Amino acid sequence: MFKVSERLAALSPSETLAMSQKSNELKAQGIDVINLSVGEPDFNTPDHIKAAAKQAVDNNYSFYSPVPGFLELRKAICLKLKNENNLDFTPDQIVCSNGAKQAICNVLLTILNKDDEVIIPAPYWVSYPEMVKLGEGKSVFIYSDIENDFKISPEQLEKAITEKTKAIILCSPSNPTGSVYSKEELQGLAQVLAKHPQIIILSDEIYEHINYVGTHESIAQFEEIRDRVVVINGVSKGYAMTGWRIGWIAAPKWIASACGTLQGQYTSGACSVAQKAAEAAYTGNQSCVETMRAAFERRRNLVVELVRQIPGMKVSVPQGAFYVFPDCSAYLGKSFNGKVIENSADLAMFLLETAHVASVGGVAFGAPHCIRFSYATSEDNLKKAFERIQQALNKLQ
Ligand code: PMP
Ligand code: GLU
């Protein structure tokens, strides 16, 4: 008799979180599952950040915080944007939220009207199209493949723009592909966007600090579009703080203010203790960031070798984030015990059941012929996982 709203009925559950949950359920049954599904650092939050949170508890940071976040944190974020990205923002342009996830959703709900188009380069992070649906917008995908390093060109972008285009969501370093746009590549996209002043540019830079090619480049650096770029970032990935749930936007004032209104009616300010921890992350010693980045780079090198040893898998070398996204078409259409592996979601399920390795099929990322493995785990785990994957794939006919 009761039905969820049409808005909810149209929404798919997050595949990354679903695969991780399945893996945890199997683990709880005593099965030795290696979880390469969800993307989160396996490191503990650095000690000085934890100490700041403990101090915040003792100092009674137990009250509501201002909706956009404590001024000290927003100032620290402005300083980070200046020092690391050479971008000028003021605290009234920053809104802190429950993770970058809420930050992105806030912006989309703030700017979209029904049927507005949002350009999303594919492969994309699973949640973007679902958030666009929540905002009653329409996703317009621009497809890229392993041959072009999973990056879109200015020509493709130009073609995808219509008079209904309201926004574009860029993600560099990318989840799920690990691709990183160079300054020149971003400039090419910025030049196209400069010709279309109605388009708001969401730049998801949550993997900024996990970069193997050198300095991070933000599309917000280009003067001709700067006043309509929303930078999205947070502490989840770079500081190993996924569970603390602090993300933020640096945005034009009208967007920041509207996100504050939305958030004020919806969730209020983010957790006050977690905000103090995030402030310590940005103002404290940064060597932890480099230590973790270097570990991810070693694992990247290892995992690319391991995937290359699997016959038929094609892999691009990720330049950032902590995912490999090989093309697994060679295994699609094969079968095991009479069951056909139709797409990469089936392959991920087969690997979970047979190899006890959790991954995420590319279907959820708009690339059904690819599969995502997160390498945010130990080198031993990675070696063991790919040995098992190899053995399982050998069973396919
Ligand atoms: N953007 C991308 C591309 C991500 O991979 C994630 C990871 N969940 C997020 C945003 C959201 O991060 P957070 O944990 O800060 O919500
Ligand atoms: N961003 C991570 C992932 O893609 C975390 C899970 C999620 O929030 O989707 O696996």
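Numbering (numbering that gives the first Met the number 0), first residue to last: 0 to 396. We put the beta carbon where it would ideally sit given N, CA and C, even for glycine. Note that the structure is a prediction, hence the values are computed from the model and not measured.
For residue i, count neighbouring Cβ atoms within 10 angstroms of its own Cβ and tell me buried if that reaches 16, exposed if not.
i: Met0; result: exposed
i: Thr397; result: This structure cannot speak to residue 397, because the chain is shown only from 0 to 396.
i: Tyr123; result: buried
i: Gly337; result: exposed
i: Asp203; result: buried
i: Tyr374; result: buried
i: Ser4; result: exposed
i: Leu111; result: buried
i: Arg244; result: buried
i: Ser235; result: buried
i: Ile30; result: exposed
i: Val229; result: buried
i: Gln262; result: buried
i: Arg73; result: buried
i: Gly259; result: buried
i: Tyr180; result: buried
i: Thr214; result: exposed
i: Tyr265; result: exposed
i: Asp345; result: buried
i: Leu35; result: buried
i: Val362; result: buried
i: Glu304; result: exposed
i: Thr161; result: exposed
i: Val377; result: For the record, residue 377 in the displayed sequence is Ser; it is not Val. Exposed.
i: Val306; result: buried
i: Asn393; result: exposed
i: Lys275; result: buried
i: Pro310; result: exposed
i: Gln390; result: exposed
i: Pro399; result: No statement about residue 399 is possible, as the shown extent of the chain runs from 0 to 396 and does not include it.
i: Leu128; result: The sequence given here places Pro at residue 128; Leu does not occur at that position. So Pro128 counts as buried.
i: Asn85; result: exposed
i: Glu184; result: buried
i: Thr15; result: buried
i: Glu193; result: Note on residue identity: the sequence assigns Ala, not Glu, to residue 193. By the neighbour-count rule (16 or more Cβ atoms within 10 Å), Ala193 is not buried but exposed.
i: Glu289; result: exposed
i: Val66; result: buried
Since residue i contacts residue j with CB under 8 Å, what's their CB separation in whole angstroms?
i: Ser269; j: Ser64; result: With the sequence shown as reference, residue 269 is identified as Ala, and Ser is not the correct amino acid for it. With a Cβ gap of about 7 Å, Ala269 and Ser64 count as contacting.
i: Ser315; j: Asp148; result: 6 Å
i: Val32; j: Ser22; result: 5 Å
i: Ala75; j: Glu278; result: 5 Å
i: Leu201; j: Val272; result: About 28 Å; that fails the 8 Å criterion.
i: Ile198; j: Thr164; result: 6 Å
i: Ala159; j: Ile141; result: 5 Å
i: Glu341; j: Leu350; result: Actually they are not in contact, since the Cβ atoms of Glu341 and Leu350 sit about 15 Å apart, beyond 8 Å.
i: Leu395; j: Ser334; result: 7 Å
i: Gly365; j: Ala121; result: 4 Å
i: Ile168; j: Ile205; result: In fact, because the Cβ distance is near 12 Å, the residues do not count as touching under 8 Å.
i: Gly187; j: Pro153; result: 4 Å
i: Glu71; j: Thr241; result: Between Thr241 and Glu71 the Cβ distance is about 23 Å, and since that is not below 8 Å, they are no contact.
i: Ala189; j: Ile151; result: The pair is not a contact, with the Cβ atoms about 13 Å apart (cut-off 8 Å).
i: Thr44; j: Ala347; result: That belief does not hold up - the Cβ atoms of Thr44 and Ala347 are roughly 29 Å apart, past 8 Å.
Measure from the C-beta of residue i to each C-beta in chain B and report whether the shortest distance is under 7 Å.
i: Asn85; result: Included in the structure is just one protein chain, with no chain B present.
Would you say the beta carbon of residue i is closer than 6 Å to some non-hydrogen atom of the ligand ZN?
i: Thr15; result: Among the ligands present in this structure, namely the ligand PMP and the ligand GLU, the ligand ZN is not found.
Which residue spans inside the region 274-328 form an unbroken alpha helix (DSSP H) run of at least 4?
286-307
### Query
Would you call the region 298-311 and the region 279-287 in contact, with 3 or more CB pairs under 8 Å?
no
* Meets three-Cβ-pair contact criterion under 8 Å: the region 110-122 and the region 91-101 -> no
Inter-stretch contact (C-beta, 8 Å, three-pair minimum) for the region 168-180 and the region 305-324
With the rule of 3 Cβ pairs closer than 8 Å, the region 168-180 counts as touching the region 305-324.
The region 358-378 touching the region 321-337, judged by at least three CB pairs closer than 8 Å: yes
Check your understanding: Any contact of the region 252-260 with the region 37-57, i.e. 3+ C-beta pairs under 8 Å?
Key -> no
Does the region 202-220 come close enough to the region 132-148 that 3 or more CB-CB pairs lie under 8 Å?
Touching, no, given that fewer than three Cβ pairs across the two stretches are closer than 8 Å.
Could you tell me which whole beta strand (DSSP E) segments of length 3 or greater appear in the region 214-243?
228-233
Write down every uninterrupted run of the beta strand (DSSP E) in the region 341-394 whose length is 3 residues or greater and which is fully enclosed by it, in chain order. 370-373
For the region 380-387 and the region 350-366, state whether three or more C-beta atom pairs, one from each stretch, are separated by less than 8 Å. Because the criterion of three Cβ pairs below 8 Å is met, the region 380-387 and the region 350-366 touch.
Report all residues for which the CB-ligand distance to some heavy atom of the ligand PMP is below 6 Å; order them along the chain. In chain order, the hits are Gly38, Gly98, Ala99, Lys100, Trp124, Cys170, Asn174, Asp203, Ile205, Gly233, Ser235, Thr241 and Gly246.
- Query: In chain order, which continuous runs of the alpha helix (DSSP H) of length 4 or greater are located wholly inside the region 20-104?
  - Reply: 46-57 and 70-84
Query - Length at least 3, wholly inside the region 152-189: the beta strand (DSSP E) runs in chain order - result: Segments of the beta strand (DSSP E) lying fully in the region 152-189: 164-170.
Discussion item. Report the start-end ranges of each alpha helix (DSSP H) in the region 106-136 that is 4 residues or longer and not cut off at the edges.
Written reply: Runs of the alpha helix (DSSP H) spanning 4 or more residues and lying entirely within the region 106-136 occur at 126-133, in chain order.
Write down every uninterrupted run of the alpha helix (DSSP H) in the region 187-212 whose length is 4 residues or greater and which is fully enclosed by it, in chain order.
Runs of the alpha helix (DSSP H) inside the region 187-212: none found.
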